[in-house]
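Engineer: Starting off with a structure, shown below.
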Amino acid sequence: DTEVTQTPKHLVMGMTNKKSLKCEQHMGHRAMYWYKQKAKKPPELMFVYSYEKLSINESVPSRFSPECPNSSLLNLHLHALQPEDSALYLCASSQDPGATYEQYFGPGTRLTVT
Amino acid sequence: GDSVTQMEGPVTLSEEAFLTINCTYTATGYPSLFWYVQYPGEGLQLLLKATKADDKGSNKGFEATYRKETTSFHLEKGSVQVSDSAVYFCAMEYGNKLVFGAGTILRVKS
């Protein structure tokens, strides 16, 4: 099983809402990632979890709050977002931390902030 | 700073045409290099990779060779198919992270 799953597929939320994005992998990978991708742009790294601990935070605003409850799950909690946060949010995992390892990407959650 | 530069698209080809998408990088040292592909409505998939100079990565008919002297990692395919239509991202390893190029849209028409 080389699949990374993400839920929901689509999400529309108002600026005062609180919502969460979920990501799951069952490949035994020890590194998990959140990326943000705007239309026609490359993915931008947001967070990296290594062995369930946050290892990289790319100066992401605090309205995005990541959580790694266990080695298979990764959440991204959203609160008080802005319209410019509308994007495709991609989760990825890799066998170990370190960019030389292949990252497996999920299909993404398309977020619209109204 | 360290960066990846790809040729701008979109690239439009007829089926069975030869494909080249140029990619060059700027980095200190010799980073690992990757090509990822993103089909419409999907996440990214690793297409191929090379970890040292003169390595050739290949997969599904696509090839790229790590050229240290020209700091390049150009993607090639001898005969494209309509199903190859996608966005292609060149990327390199930098400080335990992936740095992506801007992406090149490929459209193949039958």
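Those sequence lines, one after another, are chains A and B. Quick note: the first sequence uses the working numbering, first residue 22, plus one each step. Quick note: the second sequence uses the working numbering, first residue 1226, plus one each step. No residue lacks a Cβ here, since even glycine has one placed at the ideal position from N, Cα and C.
Using a Cβ-Cβ distance cut-off of 8 Å, determine whether A:T26 contacts chain B.
Structural biologist: Counted from its first residue, the first sequence places residue 26 of chain A at position 5. Judged by the 8 Å Cβ criterion, A:T26 is not in contact with chain B.
Engineer: Would you say the segment 1245–1254 of chain B touches the segment 1304–1324 of chain B, given that touching needs at least three Cβ pairs under 8 Å?
Structural biologist: The segment 1245–1254 of chain B, when compared against the segment 1304–1324 of chain B, does touch it at the 8 Å Cβ threshold.
Engineer: Report the neighbours of B:K1281 on chain A: residues whose CB is nearer than 8 Å to its CB, in chain order.
Structural biologist: For this step, residue 1281 of chain B is matched to residue 56 along the second sequence. Near B:K1281 there are no residues of chain A at all, since even the closest Cβ is about 17 Å away, more than 8 Å.
Engineer: Look up B:R1292 in the DSSP assignment and give the residues it is bridged to.
Structural biologist: Within the second sequence, the letter at position 67 stands for residue 1292 of chain B. BP columns for B:R1292 point to B:S1297.
Engineer: Contact defined as beta carbons within less than 8 Å: I believe A:E45 pairs with A:S93. What is the distance between those atoms, to the nearest angstrom?
Structural biologist: If you number the first sequence from 1, residue 45 of chain A lands on position 24. If you number the first sequence from 1, residue 93 of chain A lands on position 72. Contact flag correct, Cβ pair sits at about 6 Å.
Engineer: Kindly indicate which residue of A:E105, A:S86 and A:P104 has the alpha-carbon position closest to the one of A:K43.
Structural biologist: By 1-based counting over the first sequence, the position of residue 43 of chain A is 22. Answer by Cα proximity: A:S86.
Engineer: Are there three or more Cβ pairs, one per stretch, closer than 8 Å when the segment 51–58 of chain A is compared with the segment 103–116 of chain A?
Structural biologist: Verdict: yes, contact present.
Engineer: Report all residues from its chain with a CB closer than 8 Å to the CB of A:T135; omit the five preceding and five following residues, and keep chain order.
Structural biologist: Position 114 of the first sequence, counting from 1, holds the residue named residue 135 of chain A. Closer than 8 Å at the Cβ level, and outside the excluded window around A:T135, lie V33, M34, G35, M36 and P104.
Engineer: Which same chain residues end up closer than 6 Å to B:K1274 when comparing Cβ atoms and leaving out the 5 residues on each side of it in sequence?
Structural biologist: For the purposes of this step, residue 1274 of chain B is taken as residue 49 along the second sequence, with counting starting at 1. Cβ neighbours of B:K1274 beyond the five flanking positions: F1259 and G1282.
Engineer: Can you list the beta strand (DSSP E) stretches of 3 or more residues lying completely in the segment 83–117 of chain A, in chain order?
Structural biologist: The segment 83–117 of chain A contains these whole beta strand (DSSP E) runs: 85–91, 94–100 and 108–115.
Engineer: Mind reading off the beta-carbon distance from B:Y1250 to B:V1229? Whole number of angstroms is fine, and I expect it under 8 Å.
Structural biologist: Translated into the one-based positions of the second sequence, residue 1250 of chain B becomes position 25. Translated into the one-based positions of the second sequence, residue 1229 of chain B becomes position 4. Yes, they are in contact, since the Cβ atoms of B:Y1250 and B:V1229 sit about 5 Å apart, within 8 Å.
Engineer: Please report the straight-line C-alpha distance between A:K40 and A:R131, rounded to a whole angstrom.
Structural biologist: Looking up residue 40 of chain A in the first sequence gives position 19. Looking up residue 131 of chain A in the first sequence gives position 110. About 13 Å.
Engineer: Answer yes or no: does any C-beta atom of chain B fall closer than 8 Å to that of A:P128?
Structural biologist: Taking the first sequence and counting its residues from 1, the one referred to as residue 128 of chain A is at position 107. Judged by the 8 Å Cβ criterion, A:P128 is in contact with chain B.
Engineer: Report the CB separation of B:T1307 from B:E1240 in whole angstroms; it is logged as a contact under 8 Å.
Structural biologist: On the second sequence, residue 1307 of chain B is found 82 positions in, with the first residue counted as 1. On the second sequence, residue 1240 of chain B is found 15 positions in, with the first residue counted as 1. Inspection of the sequence shows that residue 1307 of chain B is occupied by Val rather than by Thr. Contact flag correct, Cβ pair sits at about 6 Å.
Engineer: Does any CB atom of chain A fall closer than 8 Å to the CB of B:F1298?
Structural biologist: Indexing the second sequence from 1 puts residue 1298 of chain B at position 73. Judged by the 8 Å Cβ criterion, B:F1298 is not in contact with chain A.
Engineer: Classify A:P64 as buried or exposed, calling it buried when 16 or more other Cβ atoms lie within 10 Å of its own Cβ.
Structural biologist: The residue given as residue 64 of chain A occupies position 43 in the first sequence. Its Cβ being crowded by 16 or more others within 10 Å, A:P64 is buried.
Engineer: Along chain A, in chain order, which residues have C-beta atoms closer than 7 Å to that of B:F1325?
Structural biologist: In the second sequence, residue 1325 of chain B corresponds to position 100, counting from 1. Result: P63 and P64.
Engineer: Drop a sphere of 10 angstroms on the beta-carbon of B:S1257, count the other beta-carbons inside from all chains shown, and report buried for 16 or more, exposed for fewer.
Structural biologist: In the second sequence, the residue the question calls residue 1257 of chain B occupies position 32. Label assigned to B:S1257: buried.
Engineer: On the CB-based measure, 16 or more other CB atoms within 10 Å of its CB, does B:Y1291 come out buried or exposed?
Structural biologist: Along the second sequence, read from residue 1 onward, the residue named residue 1291 of chain B stands at position 66. B:Y1291 should be labelled buried.
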